[in-house]
């Protein structure tokens, strides 16, 4: 029932530099080593021999990805073999790919220019209309003058005011004859001696000159035809350029195919760069490896490395435990639950893996809160139909659905009908108080287990004092059980005497005394904080336990909702009745089912995980061969 | 903003303000050893050659400031949050300038990367992608897909006409930023708007005056071009003043036409460093006053950002001076604004 992380060993590998790329590939093939990136600053092996290789790899990868953006069909990577790639080989292919990208980049820039031209032509089209607003002789504007220079064009709206004021300093007049969404259409009139200065200012302002179209003197149809002709010419050019890019790619398909293979082979050594230190010809790396893969790694290295090497394994030391990665034992069934646990955090290496417990308690609570044979079956069916869209969803829904069906059988509930089948146990509505009491017992059991797990985890990470004296430790468990006992005595026997008070106050005092010892500040300040802390502890115990009443509340709610649906359906004719029952059941499954799923998660996270699970661990991420496609 | 959040922010500001370098300790910092300074400001682990070290330290100081800003910004929402986030984009624009300058001048990607500031949660620019661009044209195509697309056309025209100076692009970027900031201040509630505008105005007075002097008398630009490159108007020097000042033919004439009290503050000054120091002091006085007494919390946060930025510049100048082996009097002169 309780799982632990896969046992890890510390690996250190010292080898000759020439062997490092091969070692990276062999380790990556086994997917067995989680690299340690941080290195000792004072180590004599303070070079980082693979850094340049990594940069080379990254720039090659970046260029390849930019080119791959244009692929009409992805390169087939089925036959790609991952082999160690020498730096020279990486450099060679990098130069080739750089040349290919250079050609494409030039074409890309031409496409941009052509697209700019298309935009400008569209602008020209609309500006023809604008020029009609100019109450001047355009012929005069078009002619060069000896003393005056006229600029006509657009400037971004946000530049207009500042530009207008600046131009007055150059004895220049600017007038807007039209304002569009992002541009002002302007005429700027200046003297010939100010022309250069004004031209430079206009450039800084993002001015775009519009030549006065000769077409203005022509028939509107001719103008339109000319513009269309121009636009289609630009578009044709864009198409040709795109075609040229495709041609560049197809002409160099062999190189690009080789690049994929080289990138796959070079990736492990590139990833190794941050973990590999060295001096001269000697290199060194460290990592974490699952115990059962140690022998295999040694064999693989023996088989493939050309020079002698030194491979050491050892147990993790106490001060390293926080950094040892967490690798769970694989289980297909638990996969969707692992994802939910992962949302909260990754367990530390020495902590208990809570996934199995989480799965069991979650499924049980879901069934208790949403017990219905019909609804459970629908959940299973929905999960089955959607299984391809969400990985692992079917396992999750199947288990939740089965639990729902089992509790439906116990409650005698089928699509909300409480009297169609006889309950194996009882309908929740028969005795709501009993249901609430049972939910409380469930909660107490849940919290005791959470507390026990917390004690184990605290001991495992070396926090003995916390394990015994904190509210998450042994004394905390005593306080919780004492509070439950005192509560029981008070509620059932209406007694709260010395024994009840003692069983609460003694553990509480121990917890608070430990807190007091670790506090800074004046006595009054400490006393106030201790008082608040004490209150908080007690309120927390009460609220956490009562929180589980929702398990019963939702089972009652489920019946109540069904009753509401049947009451509504009872007011309808036969057809209306059927439709209301169907829609009502869908409503219950979607809305209440969703809420119950979230409430279960809430109980697991806040009442369970927050008590025993730090979530500060790091996942085991082995060096592995991955496709770059 | 609720009174609880106001009190919280005031306490936070008090704590952060108490950590600012005290005025009386500035001479002591200049007289300290480089090692002591680096240790005191948490930069002892910065290694590399001189340039790399100075950049690393600068980045580290900014990184620490950004962490504090993030804490201060958290309780703000809506237009206030927008204003503060936008103010921090100053550092992003600095990255953008570094990137454009680096790519245009053919610097290596590693050299450019070393000069970039890590903005973490404040970052908008896809810096890695931009860095990976093989040439400036590709970088500009990538920039077109970012919120800074409006400067691309300008950058492109500068790139195509190699003769142009990059300072005009810097000026365009700065103008875009300060106009954006002024626009956001206008959206604040009345008191906040009034207080923030006054502080921002003092800042713009300094910036516009210094740039106007440089454009007119160092770069010899025409009055029109000089005026155009300036950002929005300030507290004392309004648009009309700036237009008039841009027409002046000498520094003395320009200073004599400045509005009060700037004309008397800068009277008889002919050295740019002295003018910079006086104007820096002019802004810092306004910021310190705002930080201490302003009823507007957002203006106080804004003042804190300005003072913190000055502190970073001060430390950067001192550390750089120490690395380059300048004597203390020279460093004192260069950082005079903070001490004036």
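Residue numbers (our numbering), protein chains in the order written: chain A, 1 to 629; chain B, 630 to 969. Backbone N, C-alpha and C define an ideal beta-carbon position, used for all residues, glycine too.
Short of 7 Å from the beta carbon of residue 752 of chain B, and not among the five residues preceding or following it, lie these beta carbons of its own chain, in chain order: 721. Rounded to whole angstroms, residue 239 of chain A and residue 783 of chain B show a C-alpha spacing of 27 Å. In this structure, the straight-line span from the alpha carbon of residue 802 of chain B to that of residue 754 of chain B is close to 14 Å. Leaving aside the five residues that flank residue 713 of chain B on each side, the residues in its chain whose CB is nearer than 7 Å to its CB run, in chain order, 702, 705 and 930. For residue 906 of chain B, the enclosing alpha helix (DSSP H) starts and ends at 901-922.
The region 242-285 of chain A is shown to contain whole alpha helix (DSSP H) runs of 4 or more residues at 253-272, in chain order. For residue 9 of chain A, the enclosing beta strand (DSSP E) begins and ends at 8-16. Taken through DSSP and simplified to helix, strand or coil, residue 179 of chain A comes out as strand. Taking a beta-carbon distance threshold of 8 Å, residue 872 of chain B counts as an interface residue toward chain A. By the rule that beta-carbons nearer than 8 Å mark a contact, residue 801 of chain B touches chain A. Taking 8 Å as the threshold, the shortest C-beta distance from residue 766 of chain B to chain A falls below it. Residue-level contact check: residue 788 of chain B does not touch chain A, since none of the beta carbons of chain A fall below 8 Å from its beta carbon. Contact between the region 104-115 of chain A and the region 758-770 of chain B is present, with at least three C-beta pairs closer than 8 Å.
Residue-level contact by beta carbon holds for residue 101 of chain A and chain B, with a gap shorter than 8 Å. At a beta-carbon threshold of 7 Å, the residues of chain B lying near residue 206 of chain A are 782 and 783, ordered along the chain. In this model, residue 885 of chain B and residue 877 of chain B are separated by some 10 Å (Cα to Cα). Here DSSP, grouped into helix, strand and coil, assigns residue 384 of chain A to helix.
For residue 797 of chain B, at least one C-beta of chain A is nearer than 8 Å to its own C-beta.
In the structure shown, residue 660 of chain B adopts helical secondary structure according to DSSP, grouped into three states.
Under the DSSP assignment, residue 148 of chain A falls in the beta strand (DSSP E) whose first and last residues are 148-156. Annotation: the continuous alpha helix (DSSP H) that includes residue 638 of chain B extends over 632-647.
From the listed residues A/288, A/29 and A/202, the smallest Cα separation to residue 6 of chain A is found for A/288.
Per DSSP, the beta-bridge partners of residue 616 of chain A are A/346. If the five residues before and after residue 615 of chain A are omitted, its C-beta is found closer than 6 Å to the C-beta atoms of 344 and 345, all from its own chain and listed in chain order. Using a Cβ-Cβ cut-off of 8 Å, residue 852 of chain B is close to 169 and 170 of chain A, given in chain order. Under the Cβ distance rule, residue 876 of chain B counts among the residues neighbouring chain A, one pair being separated by less than 8 Å.
Nearest Cα to residue 20 of chain A within the set A/196, A/578, A/194 and A/278: A/278. In this structure, DSSP gives residue 290 of chain A an extended state, which the three-state scheme calls strand. Residue pairing from DSSP places residue 34 of chain A in a beta bridge opposite A/288. The beta-carbon of residue 940 of chain B is placed no less than 8 Å from the nearest beta-carbon of chain A. A Cβ-Cβ separation of about 6 Å places residue 941 of chain B in contact with residue 691 of chain B under the 8 Å criterion. Using a Cβ-Cβ cut-off of 8 Å, residue 84 of chain A does not count as an interface residue toward chain B, since no Cβ of chain B sits closer than that to its own. Against chain A, the beta carbon of residue 763 of chain B has neighbours under 8 Å at 63, 98, 101, 102 and 105, listed in chain order. Secondary structure of residue 723 of chain B (DSSP, three-state): helix. Note that the region 357-375 of chain A touches the region 393-403 of chain A; at least 3 beta-carbon pairs, one per stretch, sit closer than 8 Å. Any Cβ of chain B closer than 8 Å to the Cβ of residue 197 of chain A would place that residue at the interface, and such an atom is present.
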